[in-house]
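Engineer: The numbering of the sequence shown is numbering that gives the first Met the number 0, which starts it at 0 and goes up by one.
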Amino acid sequence: MRRRIWWIFFCAAALTALLCGCGRDVKGQLIGTWECPEDCAGWKWIALYEDGSCEHEGWDAVGSWRVERGKQLRIVSCHGVTEQYRIVALSETMLTLDQGLEKVSYYRCDP
0 MRRRIWWIFF
10 CAAALTALLC
20 GCGRDVKGQL
30 IGTWECPEDC
40 AGWKWIALYE
50 DGSCEHEGWD
60 AVGSWRVERG
70 KQLRIVSCHG
80 VTEQYRIVAL
90 SETMLTLDQG
100 LEKVSYYRCD
110 P
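1. Please go through the stretch 28 to 68 and give each complete beta strand (DSSP E) segment of 3 or more residues, from N-terminal end onward.
2. Per DSSP, what kind of secondary structure is Leu-94 in: helix, strand or coil?
3. Closest by CA to Lys-102, which one among Lys-26, Leu-94, Val-80?
4. Please report the straight-line C-alpha distance between Gly-41 and Asp-50, rounded to a whole angstrom.
5. If you run the structure through DSSP and keep just helix, strand and coil, what is Lys-102?
6. For a test of the three-state rule: what should DSSP assign to Val-75, helix, strand or coil?
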């Protein structure tokens with residue numbers, strides 16, 4: 000009986016971790032340079048570096064970035080302005096951000 004209770008507990012914990020997305024490294028997937036098509040309403044490109052720094056079109060210096068709650072991309076510009084975006088979709092080749100009024104898709108442009 001004790002063994003069965005332990006097995007049920009283990010299965011419930013594994014299922015919870017799977018459903019919560021625990022174990023997925025969102026930050027690791029975001030590292031790289033992302034480009035937006037010409038008709039995009041967002042930045043034309045953004046580069047997210049492993050050390051937490053970032054830069055994008057229109058900046059004259061490096062800013063910073065981080066992932067919050069596994070679903071939010073927080074970017075602080077070189078001038079101290081904070082912007083927060085909801086990560087709608089993320090794959091090896093595409094990143095979709097909800098920028099409030101619209102969703103914008105970026106495509107990975109580094110190997």
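Beta carbons are placed, not taken as given, at the ideal position from N, Cα and C, and that holds for glycine. This structure is a prediction, so every number in the text was calculated from the model and none was measured.
Structural biologist: Working from what's here:
1. 31 to 34, 44 to 47, 52 to 55, 62 to 67
2. strand
3. Leu-94
4. 23 Å
5. strand
6. strand
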